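Asker:
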DNA sequence: CCAAAAGTGTTGGTTTTACACCCATGC
DNA sequence: GCATGGGTGTAAAACCAACACTTTTGG
């Protein structure tokens with residue numbers, strides 16, 4: 135019997151802003167799961183690569199320009215989609231949420247950033263996909279530097295600290311954290327300062343892209 | 135236009151025996167690439183899961199019963215297969231090569247264990263898949279214990295040492311290695327000994343499965 | 001008794017942890 | 001001047017890397 139399997143891609147896109155990590159979800163315009171929240175994605179065209187398909191769907195449905203994208207996992211359970219056998223190659227993305235405006239179109243009735251501890255009910259097996267993406271995000275911080283893809287270009291050290299605290303879900307020692315990060319030699323300290331209303335103004339830092347990506351390649355061992 | 139993409143699975147299966155790591159390959163019986171070596175695999179049936187498909191193809195083509203299987207990566211380049219758009223979900227497997235007899239059938243004209251530094255030319259993009267699998271195998275030893283799935287049930291410590299030396303591609307300090315491994319507390323020392331012809335007989339060890347899998351779950355940081 | 005592989009401890013250097021006070025600013 | 005967040009050093013403990021000789025067997 136002829137194979138009748140269809141191929142889709144989905145993208146779990148994370149953003150970080152002022153102390154919380156959010157995920158980009160769309161409200162589905164059509165059945166199945168019309169009116170329910172879902173991870174953005176859709177069918178792959180015959181002549182495009184998987185990455186092209188993800189970027190196209192994200193652009194079409196949400197207006198997001200992706201900053202970092204990697205393959206997460208392929209979900210192939212025969213029963214995962216009520217329309218028939220549809221397998222999905224899930225991707226994992228990171229963006230600076232402030233860098234653009236999201237808007238809904240094509241299959242999306244609405245687009246929204248959800249904090250990862252305030253998620254709505256999801257369509258299909260998207261909860262499973264999202265859970266896997268979250269655990270991948272968490273484990274990434276133990277073997278590579280993280281932040282460039284999520285933080286603004288210039289940021290106070292405390293932003294990075296807050297990002298790690300959020301991802302780890304626990305407090306960290308500020309002094310030791312700063313020493314460890316600075317020793318990685320991926321941050322350049324700027325002479326600009328920023329004041330957050332009250333308290334001493336903070337020095338701004340930026341990632342040194344070259345050393346950052348070099349370190350990603352080399353890998354690190356990083357116990358905070 | 136209707137989507138016309140087909141879905142296949144491929145499995146890179148590693149085995150370890152007397153100091154070398156080998157990969158299971160088949161010689162293709164049919165075109166394209168008839169007579170060339172390839173990673174075992176094939177099309178997914180409409181109603182089977184991806185894992186079922188991998189295990190079925192391995193059984194059919196090679197007779198191998200797999201011991202450990204994980205998803206590796208999904209290859210979706212539109213040009214990767216001359217027959218049309220075929221995407222492949224690649225898996226990564228480990229077996230005890232001595233535990234059974236391999237034999238060729240269905241699409242395979244021949245099956246053979248190749249040492250990973252003596253590989254033949256491969257069909258499709260299988261070299262890329264295999265290279266990725268090898269680097270995954272190598273990186274696995276830095277974040278989880280490894281050996282249970284590759285070594286015999288009972289083995290002298292030197293077998294484990296040789297496995298690590300082979301995977302790392304360099305010599306390691308025997309004393310420090312032994313200390314580090316024993317500290318992980320995943321090996322049970324047996325009172326049996328085995329003699330390899332000449333030299334002092336070695337004590338046999340076995341993995342304590344419970345603690346081994348617990349440690350896999352927890353993860354380790356392991357610089358040899 | 002020789003060759004071959006197995007087994008085993010100590011030391012110095014490095015890294016990691018734990019921990020608390022002063023600084024610069026806005027109000 | 002006080003509340004707020006930013007910035008900083010040190011000492012003890014844990015961990016890691018380097019290093020070589022003795023033991024047990026087979027021939």
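Protein chains in written order, with my numbering: chain Y, 135 to 358; chain G, 135 to 358. We put the CB at the ideal spot given by N, CA and C, even for glycine. Every value quoted in this text rests on a predicted model; they were computed, and no experiment measured them.
Look at the alpha carbon of residue 193 (chain G) and the alpha carbon of residue 245 (chain G), and state the distance between them as a whole number of angstroms.
Answerer: 12 angstroms
Asker: Would residue 172 (chain Y) be called buried (16 or more neighbouring beta carbons within 10 Å of its own) or exposed?
Answerer: buried
Asker: Give the straight-line distance between the Cα atoms of residue 156 (chain G) and residue 146 (chain G), rounded to the nearest whole angstrom.
Answerer: 10 angstroms
Asker: Anything in chain G within Cβ reach of residue 223 (chain Y), meaning under 9 angstroms, just list it in chain order.
Answerer: 208, 210, 221 and 223
Asker: Just checking, does the segment 327-345 of chain G make contact with the segment 303-314 of chain G on the three C-beta pairs under 8 angstroms criterion?
Answerer: no
Asker: Just tell me which of G:289, G:343, G:190 and G:303 has its CA closest to the CA of residue 272 (chain G).
Answerer: G:303
Asker: Could you please give the first and the last residue of the uninterrupted beta strand (DSSP E) stretch that includes residue 219 (chain Y)?
Answerer: From DSSP, residue 219 (chain Y) is part of no beta strand (DSSP E); its letter is neither H nor E.
Asker: I'd like the list of long-range same chain contacts for residue 188 (chain Y), defined as Cβ closer than 6 angstroms, with 5 residues on each side in sequence excluded.
Answerer: 143, 145 and 225
Asker: Hey, how far is the Cα of residue 198 (chain G) from the Cα of residue 243 (chain G)?
Answerer: Within the model, the alpha-carbon separation for residue 198 (chain G) versus residue 243 (chain G) is close to 15 angstroms.
Asker: Please look up how many angstroms separate the CB atoms of residue 323 (chain G) and residue 231 (chain G), rounded, as I've assumed it's under 8 angstroms.
Answerer: The pair is not a contact, with the Cβ atoms about 25 angstroms apart (cut-off 8 angstroms).
Asker: What does the alpha-carbon distance come out to for the pair residue 161 (chain Y) and residue 222 (chain Y)?
Answerer: So the two alpha carbons sit approximately 18 angstroms from each other.
Asker: Can you find a CB in chain Y that lies within less than 8 angstroms of the CB of residue 348 (chain G)?
Answerer: no
Asker: What first and last residue would you give for the beta strand (DSSP E) that runs through residue 246 (chain Y)?
Answerer: 242-249
Asker: Please classify residue 343 (chain G) as buried or exposed, where buried requires at least 16 neighbouring CB atoms within 10 angstroms.
Answerer: exposed
Asker: Which of helix, strand or coil does DSSP assign to residue 223 (chain G)?
Answerer: strand
Asker: Taking the continuous alpha helix (DSSP H) assigned at residue 190 (chain G), which residues delimit it?
Answerer: 184-196
Asker: Chain G beta carbons: is any one of them nearer than 8 angstroms to that of residue 315 (chain Y)?
Answerer: no
Asker: Taking only runs of the alpha helix (DSSP H) that begin and end inside the segment 259-312 of chain Y, which ones reach a length of at least 4 residues, in chain order?
Answerer: 260-274 and 291-302
Asker: Kindly list the residues whose CB is nearer than 8 angstroms to the CB of residue 354 (chain G), restricted to its own chain and excluding five residues on each side of it in sequence; keep chain order.
Answerer: 277, 278, 279 and 318
Asker: What span of residues does the beta strand (DSSP E) with residue 343 (chain G) cover, start to end?
Answerer: No beta strand (DSSP E) holds residue 343 (chain G); the alpha helix (DSSP H) holding it covers 343-352.
Asker: Cα separation between residue 248 (chain G) and residue 211 (chain G)?
Answerer: 26 angstroms
Asker: DSSP state of residue 238 (chain Y), grouped into three classes?
Answerer: If DSSP states are grouped into helix, strand and coil, residue 238 (chain Y) belongs with coil.
Asker: If residue 214 (chain Y) sits next to residue 259 (chain Y), beta carbons under 8 angstroms apart, how far is it from one beta carbon to the other, in whole angstroms?
Answerer: 5 angstroms
Asker: Tell me which residue opens and which closes the beta strand (DSSP E) that residue 321 (chain Y) is part of.
Answerer: Per DSSP, residue 321 (chain Y) is one residue of the beta strand (DSSP E) stretching across 321-328.
Asker: Distance, Cα to Cα, residue 200 (chain G) vs residue 191 (chain G)?
Answerer: 11 angstroms
Asker: Give the C-beta separation of residue 184 (chain Y) and residue 240 (chain G) to the nearest angstrom, bearing in mind that I take them to be a contact with Cβ-Cβ under 8 angstroms.
Answerer: Not really, about 28 angstroms apart at Cβ, beyond 8 angstroms.
Asker: Once the 5 residues before and after residue 285 (chain G) are set aside, which same chain residues still bring their CB inside 7 angstroms of it?
Answerer: 150, 293, 294 and 297
Asker: Have a look at the DSSP bridge pairing and note the partners of residue 204 (chain Y).
Answerer: Y:226
Asker: Less than 8 angstroms between CB atoms is the rule here; does residue 351 (chain Y) satisfy it with respect to chain G?
Answerer: No, residue 351 (chain Y) does not count as interfacial toward chain G.
Asker: Would you say residue 182 (chain Y) faces chain G, with C-beta separation under 8 angstroms as the test?
Answerer: yes
Asker: Mapping the DSSP letters down to three states, classify residue 179 (chain G) as helix, strand or coil.
Answerer: coil
Asker: Give me whichever residues DSSP pairs with residue 162 (chain G) in a beta bridge.
Answerer: G:242
Asker: Measuring only the C-alpha atoms, how far is residue 234 (chain G) from residue 357 (chain Y)?
Answerer: 42 angstroms
Asker: Would you say residue 313 (chain G) touches the ligand NAD, meaning its beta carbon is less than 7 angstroms from a heavy atom?
Answerer: Ligands in the displayed structure: none, and consequently the ligand NAD is not present.
Asker: Identify whether residue 314 (chain Y) lies in helix, strand or coil by the three-state DSSP scheme.
Answerer: Helix, per DSSP.
Asker: Could you say which of G:176, G:220 and G:301 lies nearest to residue 270 (chain G) if we only look at CA atoms?
Answerer: The residue with the shortest Cα to Cα distance from residue 270 (chain G) is G:301.
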